[in-house]
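One structure below.
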Amino acid sequence: MSRVVPLISTHNLTRSYQVGSETINALRGIDMTVSPGQFIAVVGRSGSGKTTLLNILAGLDKPSDGQVLFQDRDLGTMNEKELTEIRRHKIGFVFQSFGLLPLLSAFENVELPLRIAGVRTREREARTRETLEIVGLWNRAKHRPYELSGGEQQRVAIARAIVNNPPLILADEPTGELDSTNARAIFGLFKDMVKAQGISVLSATHDSTLLAMADEVKEIRDGKLSDATNLGHRYRD
Ligand code: ADP
Ligand code: MG
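Plus 804 on top of the position in the sequence shown (first one is 1) and you've got this note's numbering.
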């Protein structure tokens, strides 16, 4: 039987920061695999290394030691051009604070990655519309971010992240600024996208009430990753 190539995997992923004479070991040897069509939640307290992990997976930061393989190719051996190519076409990133451009409408925000990728007008418009429909916001296409609720802004940000059809979405506490209803809606959207489009989602969160919606939950603690069990008691605020 042929092996299913993981979308992304890490081997002994390590990242330390030198601050003055102090060394901070943010990641201490992480081994993980994300397969196509998987929704994985990474839970961990503030300062546990979630952002560091996601940034390295996205090729935005480099490990001190260890490897990241994207579809079996080592990110560490790629030049800037190849990394940009992966960030543009293979990975959609969703931030806690949405990161939409305030002067652009929802439509224009979602369309932007297609412009950058040089997609022609007609196809750009069709794909932008289709993606806004997936997140349920076609009726808000002309609104600027400040005319949208937090939950709606995050759905626009997710539309922007998926408009290029990347196989992987990385989300860094995407529900951190949302109330519990909107937070559930965002995780529900991830769940649906994984099912309907076969993409993979890796989302950091510190909200234990969302974890049941993921296929798999990993806990990051002191820079180490493990399978999470019985987290409710530890992450209840
Ligand atoms: P989380 O996202 O889980 O809150 P982070 O990945 O942001 O955690 O941080 C993990 C650890 O690394 C923390 O102790 C943090 O203070 C430290 N850290 C993160 N970024 C830097 C940096 N640029 N310089 C020094 N220390 C950092
Ligand atoms: Mg963080």
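Even for Gly, the Cβ is constructed at its ideal location relative to N, Cα and C.
Residue pairing from DSSP places Ala845 in a beta bridge opposite Ser1007 and Val1021. Gly833 carries a strand assignment under DSSP once its states are collapsed to helix, strand and coil.
Ser839 and Ser1004 do touch by the CB rule: their CB atoms are close to 7 Å apart, below 8 Å. Judged by pairs of C-beta atoms under 8 Å, the region 935 to 944 touches the region 955 to 975, as three or more such pairs exist. Within a 10 Å sphere around the beta-carbon of Ile828 sit fewer than 16 other beta-carbons, which makes this residue exposed. Ligand 1 approaches Ile828 closely enough that one of its heavy atoms is under 7 Å from the residue's Cβ. Following the DSSP letters along the chain, one finds Gly954 inside the alpha helix (DSSP H) bounded by residues Gly954 to Ile966. The region 843 to 850 makes contact with the region 1008 to 1025: 3 or more CB pairs, one atom from each, lie closer than 8 Å. Put simply, the backbone Cα of Phe874 is about 28 Å away from that of Ser1012.
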